[in-house]
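All remarks here apply to the structure that follows.
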Amino acid sequence: MNKLLKKIDGERLLLGLAAPVLAVVAALIITSLVLLASGKDPFTAFSSMLDYGSKADSQVAILNKATTYYLAGLAVAIGFRMNLFNIGVDGQYRMAAFFAAVVGAQLQLPSVLHILVIILVAMLVGAMWAGIAGLLKTTRGVSEVISTIMLNAIATYVISYLLNPSRLANLDASGNVSTKLIPESGHFFTIDTKGGALYGFVIVAVIAGIAFWWGLSRTRFGFDLRTAGGSDSAAMASGVNVKRMVVTAMLISGAVAGLVGMPQLLSDSYQYSLDFPAGIGFTGISVALLGRNHPIGVAIGALLWAYIERVTGHLEFEGFDKEIAGVIQGVIVLAVVVAYELVRRYGLRRQQSRVGAELAAQATQPKIQEVAA
0 MNKLLKKIDG
10 ERLLLGLAAP
20 VLAVVAALII
30 TSLVLLASGK
40 DPFTAFSSML
50 DYGSKADSQV
60 AILNKATTYY
70 LAGLAVAIGF
80 RMNLFNIGVD
90 GQYRMAAFFA
100 AVVGAQLQLP
110 SVLHILVIIL
120 VAMLVGAMWA
130 GIAGLLKTTR
140 GVSEVISTIM
150 LNAIATYVIS
160 YLLNPSRLAN
170 LDASGNVSTK
180 LIPESGHFFT
190 IDTKGGALYG
200 FVIVAVIAGI
210 AFWWGLSRTR
220 FGFDLRTAGG
230 SDSAAMASGV
240 NVKRMVVTAM
250 LISGAVAGLV
260 GMPQLLSDSY
270 QYSLDFPAGI
280 GFTGISVALL
290 GRNHPIGVAI
300 GALLWAYIER
310 VTGHLEFEGF
320 DKEIAGVIQG
330 VIVLAVVVAY
340 ELVRRYGLRR
350 QQSRVGAELA
360 AQATQPKIQE
370 VAA
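Heads up: the sequence shown at position 369 corresponds to 368 in numbering that gives the first Met the number 0, and the numbers run straight through without jumps.
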């Protein structure tokens, strides 16, 4: 049996490596065919992408975007691990960023305390907005997919109503409507590099990833969360309050979603305006799928997504169609999802076959020994 377990572990490692390799190869082949169909040379495109992506300013821009995408991916992944499809990350982080900007602009505090209050406000608002969907699901049976979609729309209207010069916004000389600027004491630090300013919030993202891994894999709460996500009946049989876990998972997911807008707010714009980045929550869904809801996988997915956005955006200046970026991103997501599913099914069949063969061999061995005796 020990030999069998060693074989299974070795094969599992090979299959784990095979999945991303298969996904990359499939994505390259399909992308090349798309480029050829559009009349472009794929080798020229890939060479241009690699060259532009290796520049110092591109690397800083990729890391800054990946920081935001990683937090969005973690927020979505928390829901996925509970078998909850939190589509509302987009509305949650925009509501959180808006109210954090409003509160942050009114405060005069020591720098560390000022930043901490802004972040806590963002997490609280994000958690409360996501908690509405959790309560609707547990008390009224409303699907979190429907409720979070509607909450995204409501968030847009709420922000549009409040982001008005007669309410919580200012109108500057250029006609831009935005909240007041956050004082310098509320600015998060940046790291000066050859390629530009790197968001210091990348450290917070790393801490959030470690907390996500530790909380899910090393605590009773994480075990209860995964159990409830896998089977309601099994969770209830083991004494887990499934409804409470649903609400808790949505609250935590929303709190992490509240961090998504902080790198931009605290390290770049220092205010919320009409051009504040939108749609990051939906990117987080793709990043979570790419990373298979694992903190390291989500980090790789965020870096890959940020890299693709950066280098494909440059292709437009090289004479390529701007739609190529969306095609490449879609192809990568599909290739990764399909490749991992194919490898998972193949590995499951192989494991079942090996275990069955080993057990059959052990069952027949005593009979052979009896006959020989």
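Glycine residues also receive a C-beta, built at the ideal position from the N, C-alpha and C atoms.
- Taking all protein chains shown into account, L273 has fewer than 16 neighbouring C-beta atoms within 10 Å of its C-beta and is therefore exposed.
- Minimum Cα-Cα distance from L333 among the listed residues Q58, I29, L302, G280 corresponds to I29.
- The bridge partners DSSP lists for Y198 are T189.
- Just measuring C-alpha positions, the residue of L288, P294, V203 sitting nearest G257 is V203.
- Here the C-alpha atom of K193 lies approximately 12 Å from the C-alpha atom of A60.
- For V239, the secondary structure class from DSSP, reduced to helix, strand or coil, is coil.
- Annotation: A254 to L303 spans about 25 Å, alpha carbon to alpha carbon.
- Taken in chain order, the whole alpha helix (DSSP H) runs of length 4 or more contained in the region 255 to 339 are 279 to 289, 294 to 314.
- Apart from sequence neighbours up to five positions away, the residues of its chain that approach S37 with a beta-carbon distance below 7 Å are D320, ordered along the chain.
- Excluding five sequence positions before and after A233, the CB atoms of its chain that fall closer than 7 Å to its own CB belong to T226, given in chain order.
- The count of Cβ pairs closer than 8 Å, one atom from the region 183 to 190 and one from the region 258 to 277, reaches three, so the stretches are in contact.
- The Cβ neighbour count for E308, taken over all protein chains shown within 10 Å, is at least 16; the residue is labelled buried.
- For A129, the closest alpha carbon among the candidates E340, Y198, A248 is that of A248.
- Remark: fewer than three beta-carbon pairs, one from each stretch, lie closer than 8 Å, so the region 276 to 283 and the region 161 to 178 are not flagged as touching.
- The three-state reading of DSSP puts V141 in coil, since its state is none of H, G, I, E or B.
- Between I117 and L106, the CB-CB gap stays under 9 Å.
- By the Cβ neighbour-count rule, T138 is exposed, with fewer than 16 other Cβ atoms within 10 Å of its own.
- Runs of the alpha helix (DSSP H) lying entirely within the region 21 to 92 and spanning at least 4 residues, in chain order: 41 to 52, 55 to 80.
- In this structure, the beta-carbon distance from A287 to L73 falls below 9 Å.
- Counting along the chain, D223 sits inside the alpha helix (DSSP H) bounded by residues 219 to 229.
- Under the three-state reduction of DSSP, S165 is assigned to coil, being neither helix nor strand.
- Taking the Cα positions, S352 is about 45 Å away from E322.
- Beta-bridge partners assigned by DSSP to L170: V176.
- With 16 or more other CB atoms across the displayed protein chains lying within 10 angstroms of its CB, V259 is buried.
- Beta-carbon to beta-carbon, A126 and L250 are separated by about 5 Å, close enough to satisfy the 8 Å threshold.
- With a contact defined as Cβ atoms closer than 8 Å, A277 and T178 miss out at about 16 Å.
- Going by C-alpha positions, L32 is about 28 Å away from Q58.
- Taking C-alpha positions only, G238 is separated from Y68 by approximately 35 Å.
- Inclusion of N292 and R80 in the CB contact set at 9 Å is warranted, their separation being smaller than that value.
- With respect to Y271, T66 sits apart: the two C-beta atoms are not nearer than 9 Å.
- Taking C-alpha positions only, V330 is separated from V144 by approximately 24 Å.
- With a cutoff of 9 Å on beta-carbon distance, A55 and G195 are scored as near each other.
- Between the alpha carbons of G290 and P41 lies a distance of about 26 Å.
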